[in-house]
Every structure is written in structure tokens, then in C-alpha cells.
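Structure first, then comments.
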Amino acid sequence: KAGVTQTPRYLIKTRGQQVTLSCSPISGHRSVSWYQQTPGQGLQFLFEYFSETQRNKGNFPGRFSGRQFSNSRSEMNVSTLELGDSALYLCASSLARSGGETQYFGPGTRLLVL
Amino acid sequence: AQSVTQLDSQVPVFEEAPVELRCNYSSSVSVYLFWYVQYPNQGLQLLLKYLSGSTLVKGINGFEAEFNKSQTSFHLRKPSVHISDTAEYFCAVSDAAGNNRKLIWGLGTSLAVNP
Numbered sequence: 147k148a149g150v151t152q153t154p155r156y157l158i159k160t161r162g163q164q165v166t167l168s169c170s171p172i173s174g175h176r177s178v179s180w181y182q183q184t185p186g187q188g189l190q191f192l193f194e195y196f197s198e199t200q201r202n203k204g205n206f207p208g209r210f211s212g213r214q215f216s217n218s219r220s221e222m223n224v225s226t227l228e229l230g231d232s233a234l235y236l237c238a239s240s241l242a243r244s245g246g247e248t249q250y251f252g253p254g255t256r257l258l259v260l
Numbered sequence: 245a246q247s248v249t250q251l252d253s254q255v256p257v258f259e260e261a262p263v264e265l266r267c268n269y270s271s272s273v274s275v276y277l278f279w280y281v282q283y284p285n286q287g288l289q290l291l292l293k294y295l296s297g298s299t300l301v302k303g304i305n306g307f308e309a310e311f312n313k314s315q316t317s318f319h320l321r322k323p324s325v326h327i328s329d330t331a332e333y334f335c336a337v338s339d340a341a342g343n344n345r346k347l348i349w350g351l352g353t354s355l356a357v358n359p
């Protein structure tokens, strides 16, 4: 099976712009979670989507949003970009049958905000 | 609320030596525990996880970890490391109640294996 794919792999934006990142989960996986990784804060949970519904949300401002489509593909959007949004954004997919499941990560999208 | 502390930010070690990467967690509820590895410019890969049962968990690439509930620890070990084990290692926890996939992460330990 193909792994989790994320597009684009790299992005450069300027402050105030918005950005949309895409994640395609492993075939058959119904849950997609998003994480932000920065050198200072490490890995932080953004949100999880399952069956097109947000099931869980981390402590990020409302500028960060996401959605999931009927084929389980997910997008996250960041509006009004700030310098501090520069990070590696990782998505992970899982079967969503139980807790403690393995989450499979994509390679990430590296966002640089200038 | 849960938290994870990885006690060493960097661990240098010589090839073929044993290594232990330390992880402590804090939680008021039962948790699942995970170790992930991140190679340069790659995503995260699961090494092993503890859900229940035997406290000694074996994972991929010769790694193992022991869950110690009384010390709230989940240290990762390998008896003999290779150059290829050089990577960033992350410990994570999730709430064991319900169908929860939110992972709380430690800040990572950078393992540098030297020849």
C-alpha cells in the first residue's frame, strides 16, 4: 500500500497570507490527525478528523482549521500567517478502530513564513 | 492533562555500544505509550508501543522498552547500536480511555552514533 502523502512538500509564504496543506491517508484509513513540529515547541497536536468530522482539537488559535473529505483526504488551512507559523506540518492516518492504534506519518510539509 | 519528559536532549554513543533513552510521563488517567523515530528529512515511524500486558515491549530494529507504572517511565533500550540508528527519537502518550488518537509528545532525544 502507498504511504501517507502530503503536498506540497515545501512552501514559502509571507505574513498575512493564507495557506492550504493537503494529506492523503493510507487506503482504508479513516482517521487523519495533524501535528505541528517546531524546534522550540516540539510536536504539538492540531486536530483529528474522522468521517469528515473533527473529533479532537489541540490548543491552537482559530486561524488553524481543517476538513476531511468523503474519501478521507484531509486539508488544513492557516489564515493570516504569522512568522511563528513556520514549521513542519505532519499528518498521520490510522484505521480508527480503537485507541492505541499505530498512526502512520507522512513526510510533512515544511512551511516558511517570511 | 498529560505531559512527557525526555530526560536527555542529546545522547552520543559509539557504534556497538548499548544505549538507553529515557522517558517519563505524567498523567492522571491510564495511558498508552509510544516511541517513534524520525530520520533526517523524513516523517515519523513507530518503533514500539505499550498498550497493556507485558511491561517489556519489543519493537523494530532491535529496540525494546519497559513500562514502569510506579516510576511512570517508559525507557527505550538497544543492546548494540549501529550508525544507521542516528536519528531523533520521540516518546509519546495518549489517553487510554475511549477511541483517542491525540498524541502528547516529548521534545525528543537526538541519538548520535559515532564510529
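Residue numbers (this note's numbering), protein chains in the order written: chain W, 147 to 260; chain V, 245 to 359. Backbone N, C-alpha and C define an ideal beta-carbon position, used for all residues, glycine too.
Counting every other CB atom within 10 Å of its CB across the protein chains shown gives F334(V) a total of 16 or more, marking it as buried. Rounded to whole angstroms, the separation of the alpha carbons of R345(V) and A245(V) is 15 Å.
Taking 8 Å as the cut-off, the Cβ atoms of T166(W) and G252(W) do not count as close. In terms of Cα proximity to P359(V), the closest of H326(V), A331(V), C267(V) is H326(V). When Cβ pairs closer than 8 Å are counted between the two stretches, the segment 248-262 of chain V is seen not to touch the segment 232-249 of chain W, the count staying below three. Contact annotation: L347(V) and F193(W) have beta-carbon atoms that are not nearer than 8 Å. Listed by position along chain W, the residues whose Cβ is nearer than 7 Å to that of W349(V) are G188, L189. Put simply, the CB of E247(W) is near chain V, with a gap under 8 Å to one of its CB atoms. Considering only beta carbons, the part of the segment 316-345 of chain V lying closer than 9 Å to chain W consists of F334, A336, S338, D339, A340, A341, G342, N343, N344, R345, in chain order.
If you check the CB distance, E310(V) and K302(V) do not come in under 8 Å. Taking C-alpha positions only, T255(W) is separated from Q289(V) by approximately 16 Å.
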